[in-house]
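Report on the following structure.
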Amino acid sequence: MLLDSASLYFRAYYGVPDSLRSPRGEPVNAVRGLLDFIARLVHDHRPDQLVACMDADWRPQWRVDLIPSYKTHRLAEAAVDGEEEVPDTLAPQVPVIEQVLDALGIARVGSPGYEADDVIGTLTARATGPVQIVTGDRDLFQLVDDAREITVLYPVKGMGNLQVTDDALLVEKYGVRGDRYADMAALRGDASDGLPGVKGIGEKTAAQLIHEYGDLAGIRAAALDLGSKLTPARRRNLVEGSAYLDVAPTVVRVAPDAPLPEFDPTLPAEPLDPMTLEALAARWGLGTSLERVLEALAATR
Numbered sequence: 065m066l067l068d069s070a071s072l073y074f075r076a077y078y079g080v081p082d083s084l085r086s087p088r089g090e091p092v093n094a095v096r097g098l099l100d101f102i103a104r105l106v107h108d109h110r111p112d113q114l115v116a117c118m119d120a121d122w123r124p125q126w127r128v129d130l131i132p133s134y135k136t137h138r139l140a141e142a143a144v145d146g147e148e149e150v151p152d153t154l155a156p157q158v159p160v161i162e163q164v165l166d167a168l169g170i171a172r173v174g175s176p177g178y179e180a181d182d183v184i185g186t187l188t189a190r191a192t193g194p195v196q197i198v199t200g201d202r203d204l205f206q207l208v209d210d211a212r213e214i215t216v217l218y219p220v221k222g223m224g225n226l227q228v229t230d231d232a233l234l235v236e237k238y239g240v241r242g243d244r245y246a247d248m249a250a251l252r253g254d255a256s257d258g259l260p261g262v263k264g265i266g267e268k269t270a271a272q273l274i275h276e277y278g279d280l281a282g283i284r285a286a287a288l289d290l291g292s293k294l295t296p297a298r299r300r301n302l303v304e305g306s307a308y309l310d311v312a313p314t315v316v317r318v319a320p321d322a323p324l325p326e327f328d329p330t331l332p333a334e335p336l337d338p339m340t341l342e343a344l345a346a347r348w349g350l351g352t353s354l355e356r357v358l359e360a361l362a363a364t365r
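Laid out in structure tokens, this is it:
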């Protein structure tokens, strides 16, 4: 099981009341919410391995070099060194999350110059058995692969109501399988990631074109083939968008080969560092949220 950690702690932050405070009065809603998520996931799905995948670089320069608008709207107004805009009361909770995960012994993995999505893509590429990816980010639907038993658990309402995303569901909802989802995403663009897409091509049209021409390369070939059935307007938009389409797939597709450190993904049955965990629990008032995680881990023995 691979956790898109930032996606989940942002979800916890906005979904759990900030009235949850430490003994000193600091908000701990993201910390406790994420712990509750992990407890529920471990209890319901019983993974034998669990990795919290982290953003070592949420906006990698190599993606920005290809598409300068990539994630620009998420930059803080007074950003320093390309800092991501993070709510004032969330940022101080992220180091606490990291310390708690480390004390629990849950693997926490990032890669310099890469996003958590790329860590997930790399671990998925390396996997020799079934993989469950837990994320609120639709971009990772591109990794779904029924043949390899790779599914995305997409929260609908919390961790108790997860959409189990497989190829059949993607075809039903989007008209494409996982292996063509990135092509569709490149064509339609994504305003939330600063990806302009091709003019006049939305999700349904992109899926229709992929159905007719196989993949992005086939669609681009059809745009240059005057004998193809593309309408003049669609042909023109695809040709005019060729500079974007030259680079968009590299930006949209998750990396399958990010360099990763050595780590042990085995789900721990008991905390790696009980004394540190006890100190963190007291300092931050982790209470029943931590207890639920420990109970869920102990039940996997």
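Numbering (my numbering), first residue to last: 65 to 365. Idealized CB from N, CA, C, for every residue including glycine. Because the structure is a prediction, the values reported are computed rather than measured.
Around the Cβ of residue i, are there at least 16 other Cβ atoms within 10 angstroms (buried) or fewer (exposed)?
i	result
K135	buried
Q125	exposed
P335	buried
D129	exposed
V262	buried
G349	buried
P296	exposed
L288	exposed
I211	It should be noted that the sequence gives Ala, not Ile, for residue 211. A211 should be labelled exposed.
DSSP three-state call for residue i: helix, strand or coil?
i	result
I131	coil
D166	helix
L72	helix
R172	strand
T192	coil
A285	helix
L294	coil
T352	helix
L105	helix
I197	strand
L98	helix
A120	coil
V357	helix
L309	helix
V115	strand
T330	strand
I265	coil
V179	What sits at residue 179 in the sequence shown is Glu, not Val. In the structure shown, E179 sits in coil (DSSP, three-state: anything other than H, G, I, E or B).
Using DSSP's beta-bridge definition, name the partner residues of residue i.
i	result
L259	D254
V160	For V160, which the question treats as bridged, DSSP gives no partner whatsoever.
P219	L226
D209	I214
Q272	None; Q272 has no bridge partner.
P91	R85
V136	Residue identity check: residue 136 is Thr in the sequence provided, not Val. The partner list for T136 (beta bridge, DSSP) is empty, contrary to what the question assumes.
L234	For L234, which the question treats as bridged, DSSP gives no partner whatsoever.
L67	A116, V198
Could you work out which residue in the options is closest to residue i when comparing CA atoms only?
i	options	result
A360	Q206, L331, A94	L331
R241	Q206, G177, V92	Q206
D209	N225, A191, A363	A191
A270	A307, D289, A249, L67	A249
A255	V316, A76, D181	V316
M339	G200, G169, D247	G169
I214	V220, D243, D129, D201	D243
D337	I197, P296, L114, D166	D166
G177	A120, I131, E342, P194	A120
L99	Q227, S133, E162	E162
P325	D279, L354, T186, L341	T186
H137	G258, G291, E355, P296	G258
V115	V235, A70, P219	A70
D152	V220, P219, Y78, R299	Y78
T229	Q196, K221, P260	Q196
P28	N301, R202, A211	Shown here, the chain extends from 65 to 365; a query on residue 28 therefore has no answer.
R127	V318, A333, L341	V318
R88	S353, L354, L344	L344
P132	N93, T364, A312	A312
For residue i and residue j, which I take to be in contact (beta-carbon distance under 8 Å), what is that distance rounded to the nearest angstrom?
i	j	result
P156	E90	7 Å
A180	M223	Actually they do not touch by this definition, with Cβ atoms about 18 Å apart.
G264	R252	G264 to R252, Cβ: 10 Å. No contact.
P320	A189	4 Å
F74	A171	That belief does not hold up - the Cβ atoms of F74 and A171 are roughly 20 Å apart, past 8 Å.
R104	V80	The pair is not a contact, with the Cβ atoms about 13 Å apart (cut-off 8 Å).
L280	D247	4 Å
L233	Y245	Not confirmed; about 11 Å, so no contact.
L309	R284	6 Å
D68	T199	4 Å
Could one say the Cβ of residue i lies closer than 7 Å to chain C's Cβ atoms, at least one of them?
i	result
R138	Absent here is chain C; the protein component of the structure consists of one chain.
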